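Numbering (the numbering used here), first residue to last: 3 to 556. Virtual Cβ for every residue (Gly too), placed ideally from N, Cα, C. If you're wondering where the values come from, they're calculated on a predicted model, not measured in any experiment. Take a look at the structure below.
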Ligand code: KIV
Ligand code: ZN
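Below is the structure:
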């Protein structure tokens, strides 16, 4: 990169609007939407969609509620021509849906486009030519006047062929795009647009669409808004025009540019699902629609099945939706941070109580509205306190560690996590707990346990495996646990200890219910150590818990 970028790049000139209105307006209703997935989106794919993929996408767009769909550039490819014919001949276009086709201002291309649309009910013919200084200079080598002549001639050629469609009952709307509008002088964009209007003669009853593309984002979105407001204010016969926005995302502000463009007076928005399109993509229409929705404005598009739509999009385009893509990404409604999780939990239960306006911290919308669910991913790192560890075991697996045991296991877990140098999941944490307590079988492993009592005195006859050797042990006490403890000390050579604390709980994993016992022993030197055991039988779970503690003490 250059140390001094100003030697190569320059800021974009501002538009002079002494009394701009858009900054103090707010959006109150949805615009007219036009999907350009099947044209601008499709032409940006490494492998463009085939006819059956385009049909699947078309049906999905209709299902979302799009009433205007740019279906292709039929003069540019046979697939696009055939696609139009199938849509029309197989009567796949609902009566309230208008199909739109793009065409350059050239006679042969216009001819072919009209042919591809014969028999359709409602169509938009979208003509464009490029108008920016760089396009005029490098691409066409034409003066402003010559560029205007190209547009006028194209507009006339279309007008001359309209009867072929209208005579067959097709309703036609005409659309003109001064391509590269945002990089064009506003005065020239107005001049060329008005020249096209002079040919097409739109009226308030039969408007034409004037589409003002941000073909390549060259400035901040406020500048695009100024350009739109300038045109809306200065163009003649504004009431005979539908002003349309078509933003791309080169500077990452395609959504902002569209939203500010709407504030500036536009009526219509072109874009694609999830922002597919040339280079950094077209405007993501889902984003703008959902942004309206989260302000309580009905967008007129339905994304209730967001996951289904993503699957269709990924299948037909071969593109993917990134995990953090607004509204749509896999991680958008997932919280990793403990403090966020806590706030969301409180917000959700508050919302459950009053069920009125959504004001849950960290969640812009209710994920259920688009067929999603809020998800918590709970993890522990070396900085998480013992409370975090205990919370995770309890919330994810129902393991309720006694408070005093939390003080023992918390630092042990944090040490392991510290050595790993990363966060661990709840399942990994449970694995650590199992390894530390439940799976301890040395030096003593239980082979067989039996105890029975007479008149409150219990006798235990059991066997252990000690260093690979089986050994029988016997002991007595006022309960099975005390009898086993006595046998352990007397016959197995375990250090003297007494049971200080005992707790049990039930655990259900899958279909199996089991018991989890926690036992804290106190050695002769006064040291306290915890053990834990799991078994379907509660008595055996306690015996295993004693062995776990004794093994940990040995
Ligand atoms: O980005 C653009 O300018 C276009 C036009 C053809 C409308 O796609
Ligand atoms: Zn485009």
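So the candidates are the options; which of them puts its Cα closest to the Cα of residue i?
i           : options               : result
residue 283 : 20, 46 and 443        : 46
residue 12  : 62, 417, 18 and 220   : 220
residue 310 : 61, 495, 16 and 526   : 61
residue 401 : 379, 419 and 433      : 433
residue 371 : 349, 170 and 330      : 330
residue 252 : 96, 281 and 468       : 281
residue 79  : 389, 225 and 41       : 41
residue 526 : 165, 50 and 555       : 555
residue 122 : 173, 105 and 129      : 173
residue 237 : 118, 189, 166 and 408 : 189
residue 405 : 471, 352 and 532      : 532
residue 262 : 68, 346, 448 and 293  : 293
residue 166 : 150, 112, 215 and 440 : 112
residue 498 : 476, 31, 529 and 472  : 529
residue 468 : 204, 493, 480 and 456 : 493
residue 186 : 455, 490, 332 and 230 : 230
residue 156 : 171, 315, 143 and 177 : 177
residue 338 : 377, 317 and 451      : 377
residue 32  : 504, 299 and 536      : 299
Measuring only from the beta carbon, is residue i closer than 7 Å to any heavy atom that is part of the ligand HEM?
i           : result
residue 263 : Of the ligands one can find in the structure shown, namely the ligand KIV and the ligand ZN, none is the ligand HEM.
Heavy atom of the ligand ZN less than 7 Å from the Cβ of residue i, yes or no?
i           : result
residue 42  : yes
residue 280 : yes
residue 248 : yes
residue 251 : no
residue 284 : yes
Roughly how many whole angstroms lie between the Cα atoms of residue i and residue j?
i           : j           : result
residue 373 : residue 279 : 26 Å
residue 4   : residue 137 : 26 Å
residue 270 : residue 264 : 8 Å
residue 2   : residue 327 : Since the displayed the chain opens at 3 and closes at 556, residue 2 lies outside it and no answer follows.
residue 198 : residue 7   : 39 Å
residue 127 : residue 184 : 22 Å
residue 258 : residue 223 : 6 Å
residue 429 : residue 523 : 27 Å
residue 140 : residue 77  : 25 Å
residue 516 : residue 534 : 13 Å
residue 319 : residue 83  : 19 Å
residue 350 : residue 290 : 25 Å
residue 547 : residue 470 : 20 Å
residue 266 : residue 114 : 36 Å
residue 274 : residue 346 : 31 Å
residue 51  : residue 57  : 9 Å
residue 276 : residue 305 : 12 Å
residue 134 : residue 93  : 40 Å
residue 496 : residue 353 : 56 Å
Does at least one heavy atom of the ligand KIV sit under 7 Å from the Cβ of residue i?
i           : result
residue 47  : no
residue 178 : no
residue 215 : yes
residue 130 : yes
residue 104 : yes
residue 181 : yes
Name the DSSP bridge partner or partners of residue i?
i           : result
residue 534 : 520
residue 37  : 71 and 273
residue 213 : 246
residue 124 : 173
residue 131 : 180
residue 88  : Residue 88 is not bridged to any residue.
residue 284 : 250
residue 105 : 129
residue 427 : 381
residue 466 : 448 and 473
residue 479 : 460
Helix, strand or coil: which one does DSSP assign to residue i?
i           : result
residue 359 : coil
residue 502 : strand
residue 322 : coil
residue 27  : coil
residue 118 : helix
residue 208 : coil
residue 455 : strand
residue 293 : helix
residue 542 : helix
residue 198 : helix
residue 335 : coil
residue 556 : coil
residue 260 : helix
residue 397 : helix
Against chain B, does residue i count as a neighbour if the rule is that its beta carbon must be under 8 Å from one of theirs?
i          : result
residue 95 : Structure shown: chain B not included; a single protein chain is present.
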